[in-house]
Amino acid sequence: MTDDVVRRVFQSVDSFDPGEFVRLLAEDATLVFGNAEPMAGREAIAAGLRAFFSTIAGLRHRIVRSWQVDADIIAETEVTYRRLDGRDAGVVAVSIWRTRDDGLITDYRIFVDLAPVYTVQGSSEGV
C-alpha cells in the first residue's frame, strides 16, 4: 500500500502540473520546501509550485526507499532536475508527509539541497 501511495505522489509531482499535485492535499495542507517559508492551503501551494517550476524545465523522481510510521510517510528519492539550459542535475531528497484518514496529505516537507540545480556551469575550454 505505501509503495503505491508513494509512486502516485511522485508521479503527480513529475507531471509538472501543480493542479494535479494539490488534488492529493487537504484544503488546509501545508508544504515546506527546504528552508523556504511554509506555504498553507492548496492555492498557495499551487502558486508556489508554479513559481518553482518556472525555474526548471522538468524533473523526475526515482524512489530509493520509503517507510510508513502511523500517518507519516518518509521517502528517499533521487531527483533529476532538467535545468533551463537543458542540462540535468541530480540530487538526493527526503520527503515526509502526513496523511489523514481519507488519504489526503495535511503536511508535506521536502529536504533537499538545490545548489546543483542552480549552479552556473563554466566552460571546460582551456582546461
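Just so you know, the sequence shown maps onto residues 627 to 753 in the working numbering.
All C-beta atoms in this analysis are idealised placements derived from N, C-alpha and C, irrespective of residue type, glycine included.
**Prompt:** For the 8 Å Cβ check, are there 3 or more pairs between the stretch 636-651 and the stretch 676-695?
**Reply:** yes
**Prompt:** Out of curiosity, what's the CA-to-CA distance linking Y707 and A697?
**Reply:** 29 Å
**Item:** Buried or exposed by the 16-neighbour rule on C-beta atoms within 10 Å, applied to P664
**Value:** exposed
**Prompt:** Run through DSSP, which three-state label would G660 get?
**Reply:** coil
**Request:** Give the straight-line distance between the Cα atoms of V631 and D654, rounded to the nearest whole angstrom.
**Result:** Cα to Cα, V631 sits roughly 20 Å from D654.
**Asked** What separation, rounded to the nearest whole angstrom, lies between the Cα atoms of D739 and N661?
**Response** 10 Å
**Message:** Given this structure, state the Cα-to-Cα distance separating D714 from G667, to the nearest angstrom.
**Reply:** 31 Å
**Residues that DSSP places opposite Y707 in a beta bridge** = Its beta-bridge partners are L685 and A715.
**Message:** Give me the DSSP bridge partner(s) of L651.
**Reply:** Beta-bridge pairing links L651 to I731.
**Prompt:** Alpha carbon to alpha carbon, what distance is there between A741 and F647?
**Reply:** 24 Å
**Request:** Can you give me the Cβ contacts of T732 inside the same chain, cut-off strictly under 6 Å, excluding the 5 residues immediately before and after it?
**Result:** A652, A655, R724 and R726
**Item:** Residues bridged to A677 (per DSSP)
**Value:** Under DSSP, A677 forms no beta bridge with any residue.
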